[in-house]
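Asks: To start, I am sharing the structure in question, which I have written as structure tokens.
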Amino acid sequence: MHPKTSPRHTVSSPCTLKLLPTHTVSSPCTLKLLPDTLYLPVHPKTPPDPPAQLLARTGVLGEENSDLRRQLALSKQTEQELAKRNNVYQKTIKSLLTKLKEQGMQHKESGVETAELETKIADMESAVHLSQLQVDDMEHQLAEVWRA
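Next up, the structure:
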């Protein structure tokens with residue numbers, strides 16, 4: 270190797286070196302010893318795809334795009350339907366809870382009314398029993414009067 274060249278400055282086959290306009294390459298495979306900032310590696314461009322391949326790929330991507338848009342539209346529609354159902358269910362639950370509370374209040378009120386009615390019935394039964402005793406006593410007295 271030449272004393273003024275370095276292995277890192279040799280040009281590899283797929284890569285060429287682009288020098289700043291003021292410098293030149295002395296040989297196709299070696300460079301004079303230059304600072305690293307004076308040249309930039311340039312990789313060869315890949316050959317462009319033939320139009321048929323691009324059209325096919327564009328078609329595939331277009332189909333994927335339309336499928337994804339369709340799935341998105343279906344997902345949004347499903348989300349809206351579920352939101353509506355959820356709203357209806359919430360309203361139904363609220364109305365059922367209100368009815369249940371009203372029935373609970375009525376049950377409590379009817380429980381109070383039932384207790385009051387049971388007390389009145391017990392009072393009436395005792396009054397009827399007392400009246401029956403009085404009637405029996407009067408019948409007994411009347412029977413004695415007729416015998417006498």
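Residue numbers (the numbering used here): 270 to 417.
Ideal placement from N, C-alpha and C gives every residue a C-beta, glycine not left out.
Taking the alpha-carbon positions, what's the S395 to K389 distance?
Replies: Spanning the two alpha carbons is a distance of roughly 10 Å.
Asks: Helix, strand or coil for P319, going by three-state DSSP, please let me know.
Replies: P319: coil per DSSP, three-state reduction.
Asks: Does the beta-carbon of S296 have 16 or more other beta-carbons within 10 angstroms, so that it is buried, or is it exposed?
Replies: Because the pLDDT at S296 is just 49, under 50, the model does not fix this residue reliably, and the value given afterwards should be weighed accordingly. It counts as exposed.
Asks: Compute the Euclidean distance between the alpha carbons of A384 and A391, then round it to the nearest angstrom.
Replies: Roughly 10 Å between the two C-alpha positions.
Asks: Please go through the same chain and pick out, in chain order, the residues whose beta-carbon is closer than 7 Å to the beta-carbon of E348, but skip the five residues on each side of it.
Replies: Nothing meets the Cβ criterion.
Asks: If you draw a straight line from the C-alpha of H398 to the C-alpha of K360, how long is it?
Replies: One C-alpha to the other measures close to 55 Å.
Asks: Taking just the CA atoms, how far does S364 sit from A342?
Replies: When rounded, the distance between both Cα atoms is 33 Å.
Asks: Whole angstroms is fine: what's the gap from S344's alpha carbon to M374's?
Replies: Near 44 Å, if we compare the C-alpha coordinates of M374 and S344.
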